[in-house]
Amino acid sequence: MDASGTISPDDELRHWPTDEAQARAVQDRLRSSVRLDQSGPEPGFAGTVVGVDVAYDDERDVVAAAAVALDARTLAVVDEATAVGRVSFPYVPGLLAFREIPTVLDALAGLTRTPDLVVCDGYGLAHPRRFGLASHLGVLTGLPTIGVAKNPFTFRYTPPGPDRGAVSPLLDDRPGTTDTPGSGGTAGGAGHPEEVGRALRTQTGVKPVFVSVGHRVDLDRACAHTLHLAPKYRLPETTRAADSLCRRALASV
DNA sequence: GCGACAG
DNA sequence: ATCTTGTCGC
1 MDASGTISPD DELRHWPTDE AQARAVQDRL RSSVRLDQSG PEPGFAGTVV GVDVAYDDER
61 DVVAAAAVAL DARTLAVVDE ATAVGRVSFP YVPGLLAFRE IPTVLDALAG LTRTPDLVVC
121 DGYGLAHPRR FGLASHLGVL TGLPTIGVAK NPFTFRYTPP GPDRGAVSPL LDDRPGTTDT
181 PGSGGTAGGA GHPEEVGRAL RTQTGVKPVF VSVGHRVDLD RACAHTLHLA PKYRLPETTR
241 AADSLCRRAL ASV
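When we follow full-length UniProt numbering, the leftmost residue of the first sequence carries the number 1, and every step to the right adds one.
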């Protein structure tokens, strides 16, 4: 991090961790760079929302990433890019970012214009150390990011109402994991469960998705964007487009 | 020791 | 994430 508080993605990539202990140390070091004090772009803003996703071929040790830019208002695809690389880290719950980010950064670099918002597959704040994939990608790029996951991980939630748009809090029952203002310090006392994200029903009668803040976006807007991006299916169109593209990219390698 | 475990 | 058949519906 330089004097202005910016993280250098190149420096981070040069010092990419090789084991779990190093990776956790990186998360603890970068966590303080996350900006949670900005509300982020308004839903329906004039700009692009970019979806990123990754596909793997562990047999050949190959990973393919895709970045697809949609018009934030019409959801039309306006730009896309892919990148291929070697798997840089094994899958470990809580350390997903180290497996996905290097190739995702390459894909993002292939876009013609700078994204106004990036939607990640996975979590941001909803993470054991409050620094999931979306937080990590946000800090390394400086871009507003959110995380939309398909599973609640270890967090607890009460199912939201049956209608599209219904939400319920995603809660961390284990206090003392992080020093969050209002969580009552580090003593493992019985404090109120911390809301780390939200379960959001994007389609009536369909299992919810799990939204959390990444970087420079608040939770209300993260949910509003997610709902706007999912007018027809459970998952945001950004995620669907990026998922489709990275699979095609992997298959053509 | 056993279960749970984003993608 | 990935492995996989058939099936229901627009």
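We put the CB at the ideal spot given by N, CA and C, even for glycine.
query, result
"Simplified DSSP state of T145, which is helix, strand or coil", "strand"
"As assigned by DSSP and simplified to three states, the class of E42", "coil"
"contact_flag[the stretch 214 to 223, the stretch 144 to 151] where n(CB pairs < 8 Å) is 3 or more", "yes"
"Close-in-space but distant-in-sequence residues of the same chain around L13 (CB under 8 Å, 5 per side omitted)", "P102, L105"
"Backbone CA spacing between S252 and V213 [nearest angstrom]", "33 Å"
"C-alpha distance - residue 271 paired with R113, whole-angstrom precision", "Since the displayed the chain opens at 1 and closes at 253, residue 271 lies outside it and no answer follows."
"Counted within 10 angstroms of its Cβ, other Cβ atoms place A25 as buried (16 or more) or exposed", "exposed"
"Pair within 8 Å by beta-carbon distance, T48 and D116", "yes"
"Cβ-based burial, D53 [other Cβ within 10 Å; buried from 16]", "buried"
"Complete beta strand (DSSP E) runs within the stretch 34 to 87 (minimum length 3 residues, chain order)", "48 to 57, 62 to 71, 77 to 86"
"Cross-strand partners of E195 (DSSP beta bridge)", "L171"
"Buried versus exposed, by CB contacts within 10 Å (16 or more), D19", "exposed"
"Terminal residues of the alpha helix (DSSP H) in which F89 lies", "No alpha helix (DSSP H) holds F89; DSSP gives it neither H nor E."
"Identified DSSP bridge partners for R14", "Paired residue(s): none; R14 is not in a bridge."
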